Amino acid sequence: MRILIADDDTLSLRLIERTLERAGYEVTAVKNGRLAAEELCRTDGPRIALLDWVMPELDGPAVCREIRKQRSDRHVHLILITSKDSKQDVVCGLGSGADDYLVKPFDPEELKARLRSGLRILQLEDNLLEAREEMRYKATHDSLTSLLNRGTIIELLARELTRTRREKSCTVIILGDLDHFKAVNDTYGHPVGDEVLREVGRRLLGSVRSYDFVGRYGGEEFLVVLNNCNASKALSRAEQIRNAISQALILTAKGPLPITLSLGVFASLGEDPWSAEEVLCEVDRALYEAKAAGRNCCR
Amino acid sequence: MKSFTFLEEFVNLPELLDRVENDKDLLAELLALFQEDLPESRAALQTAINGGNLRDIERAAHRLKGMLANLSARDTASLAAEIESTARAGNAQKIPELVSMFDLLITAFSIALDSFMASA
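Order-wise, the sequence lines are chains V and D. 1 is the number of the first residue of the first sequence in the numbering used here; add one for each residue after it. 1 is the number of the first residue of the second sequence in the numbering used here; add one for each residue after it.
Written out as structure tokens, the structure is:
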């Protein structure tokens, strides 16, 4: 863990620096408040700081105020370490946004204990953010295939259509449906069906660009949104996707299976104000045509 | 190894060694840093007194107090703290007397530091 120390007193700076290094911390030392604020505002800056009160440019409380204003995204644990020891100073220091207050001359064991307390708070924040990210992922992705879920892919489609209108560009929308998937489930069982869905998801992701969107639209239906895609290439892109699914057998616990996909394709041009609902009706109609034309094809 | 006995009259050595976690090399380094900084810090205090600016006196005394307190030089640090609080309280008349006493102590401490630096 990296810790920032800001103190214009060279002796104090060196003493704290050495104490922290001995305790295994990585130290960034600066000699005024402005440099401290700059370091702490960096995205990859230190997340714990020991700040002297009286410093050139910006004093310790001013650094605290600035960090609280600038870094609302992540918590930075700020400790004022100063020889100002009146109750009024402590109240004023904590009121400026400091998390803790330590009076100089400090006891090294107390300093280290307070840093450990700060680390516990940062760890708690990390755990909460990780949990939030995990929940956000679960709320937006399909648990079986890890593709975007239905709600998210429709939301992204609507956003892309708006952008398409604004930029007068083109978005290609493809709705794919696995052929005879019910037979796979009925013949080999649902676990094999799940294996097929997972592999199809992987192949779909592998056949589009990193900035395109792929979602599980329904049971065995997949929606692909190709951003900024030339309308004349819509069918050939859909063909590539179809090939990615059908060209190699899908290996399952019950053996390799030939799986194919029928696709309905629609290109939304910027000049046509299509809504997501209308586009979904169009691709559904095209998909129906592909199924009627014998499956394993694009329309 | 340098002899810390020269400093015992001015600093609380056991407390100081605790603070540096018995790292005598670090202690020697800190004392050298202090000795190097001292002329500038004293000059800043004197300039502030000559200028009669209480805010500058307070700031210069605060800086000296911080360094001396870190070195557990309690008597000298206490005097610096008194100059700081007297300046903050606006009691300009009392400051020259305090500064004279401080000068005596800090000069003696500085001589002891020279002896410490010169010791084998």
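Note that beta-carbon positions come from the ideal geometry of N, C-alpha and C, so glycine has one too. Quantities reported herein were computed from a predicted structural model and do not represent experimental measurements.
Using 8 Å as the limit for Cβ to Cβ distance, is residue i near chain V?
i, result
"MET101(D)", "no"
"SER72(D)", "yes"
"PHE4(D)", "no"
"ARG42(D)", "no"
"GLY66(D)", "yes"
"ASP37(D)", "yes"
"ALA69(D)", "yes"
"ASP75(D)", "no"
"GLU122(D)", "Outside the shown range of chain D (1 to 120) lies residue 122(D), about which nothing can therefore be said."
"ASP114(D)", "no"
"LEU33(D)", "yes"
"LEU26(D)", "yes"
"ASP23(D)", "yes"
"ARG19(D)", "yes"
"ARG59(D)", "yes"
"ARG128(D)", "Past the edges of chain D, shown from 1 to 120, lies residue 128(D), and the structure says nothing about it."
If we call anything under 8 Å between Cβ atoms a contact, is residue i one with residue j?
i, j, result
"LEU78(V)", "MET1(V)", "no"
"LEU175(V)", "TYR217(V)", "yes"
"THR43(V)", "LEU4(V)", "no"
"CYS300(V)", "GLN88(V)", "Look at the range of chain V in this structure, 1 to 299, and you will see that residue 300(V) is not part of it."
"HIS75(V)", "GLU125(V)", "yes"
"VAL184(V)", "VAL192(V)", "yes"
"GLU160(V)", "VAL224(V)", "no"
"PHE266(V)", "ALA286(V)", "yes"
"PHE10(D)", "ALA112(D)", "yes"
"GLY97(V)", "ARG65(V)", "yes"
"ASP177(V)", "GLU221(V)", "yes"
"LYS2(D)", "SER119(D)", "yes"
Does residue i get closer than 8 Å to chain D when you measure Cβ to Cβ?
i, result
"ARG34(V)", "no"
"ASP9(V)", "yes"
"PRO61(V)", "no"
"PRO105(V)", "yes"
"THR19(V)", "yes"
"VAL54(V)", "yes"
"ARG22(V)", "yes"
"ARG114(V)", "no"
"LEU51(V)", "no"
"LEU80(V)", "no"
"PRO300(V)", "Coverage of chain V is limited to positions 1 through 299, which leaves residue 300(V) absent and any answer about it impossible."
"SER12(V)", "yes"
"LEU58(V)", "no"
"LEU102(V)", "no"
"ALA119(V)", "Sequence inspection shows Leu at residue 119(V); the Ala mentioned does not correspond to that position. Closer than 8 Å: no."
"LEU15(V)", "yes"
Could you give the C-beta distance for residue i and residue j, rounded to a whole number, given that I count them as a contact under 8 Å?
i, j, result
"SER110(D)", "ASN12(D)", "The Cβ separation is near 18 Å, so there is no contact."
"LEU147(V)", "GLY201(V)", "5 Å"
"LEU16(D)", "LEU27(D)", "7 Å"
"PHE6(D)", "SER115(D)", "4 Å"
"GLY93(V)", "PRO61(V)", "6 Å"
"VAL300(V)", "ALA6(V)", "Missing from the structure shown is residue 300(V); chain V here goes from 1 to 299 and no further."
"ALA37(V)", "LEU58(V)", "6 Å"
"LEU54(D)", "ALA87(D)", "5 Å"
"LEU257(V)", "LEU197(V)", "Rounded, the Cβ-Cβ distance is 12 Å, inconsistent with contact."
"ASN230(V)", "CYS170(V)", "7 Å"
"LEU122(V)", "ARG47(V)", "6 Å"
"ALA43(D)", "ILE57(D)", "Not a contact, Cβ separation roughly 13 Å."
"ALA158(V)", "ALA276(V)", "4 Å"
"LYS104(V)", "ASN22(D)", "LYS104(V) to ASN22(D), Cβ: 20 Å. No contact."
"ARG114(V)", "ASP100(V)", "6 Å"
"LEU98(D)", "ILE83(D)", "5 Å"
Would you list the one or two residues that DSSP bridges to residue i?
i, result
"THR171(V)", "SER268(V)"
"VAL27(V)", "ILE3(V)"
"PHE225(V)", "Looking at the sequence shown, residue 225(V) is not Phe but Val. DSSP lists ILE173(V), PHE213(V) as partners of VAL225(V)."
"TYR101(V)", "LEU80(V)"
"GLY255(V)", "THR252(V)"
"SER262(V)", "ASP177(V)"
"ALA49(V)", "LEU4(V), LEU78(V)"
"HIS141(V)", "LEU148(V)"
"CYS298(V)", "LEU263(V)"
Could you list which residues in chain A have their beta carbon closer than 8 Å to that of residue i, in chain order?
i, result
"GLY90(D)", "Absent from the structure is chain A; the protein chains it does hold are V and D."
Hey, is residue i close to the ligand ATP, as in C-beta under 7 Å from one of its heavy atoms?
i, result
"ALA131(V)", "With respect to the ligand ATP, the structure offers nothing, as it holds no ligand at all."
contact_flag[the stretch 22–41 of chain D, the stretch 9–22 of chain V] where n(CB pairs < 8 Å) is 3 or more:
yes
Below 8 Å, how does it come out for the stretch 104–112 of chain V and the stretch 122–139 of chain V: are there three or more Cβ pairs, yes or no?
no
Taking three-plus beta-carbon pairs below 8 Å as touching, is the stretch 203–212 of chain V in contact with the stretch 151–158 of chain V?
no
Could you say if the stretch 231–248 of chain V and the stretch 271–288 of chain V meet the contact criterion of at least three C-beta pairs nearer than 8 Å?
no
Count Cβ pairs between the stretch 72–81 of chain D and the stretch 15–32 of chain V that sit closer than 8 Å; are there 3 or more?
no
Touch test, the stretch 57–69 of chain D against the stretch 69–88 of chain V, Cβ-Cβ under 8 Å, three pairs minimum
yes
Can we say the stretch 285–293 of chain V touches the stretch 252–265 of chain V, given the rule of at least three CB pairs closer than 8 Å?
yes
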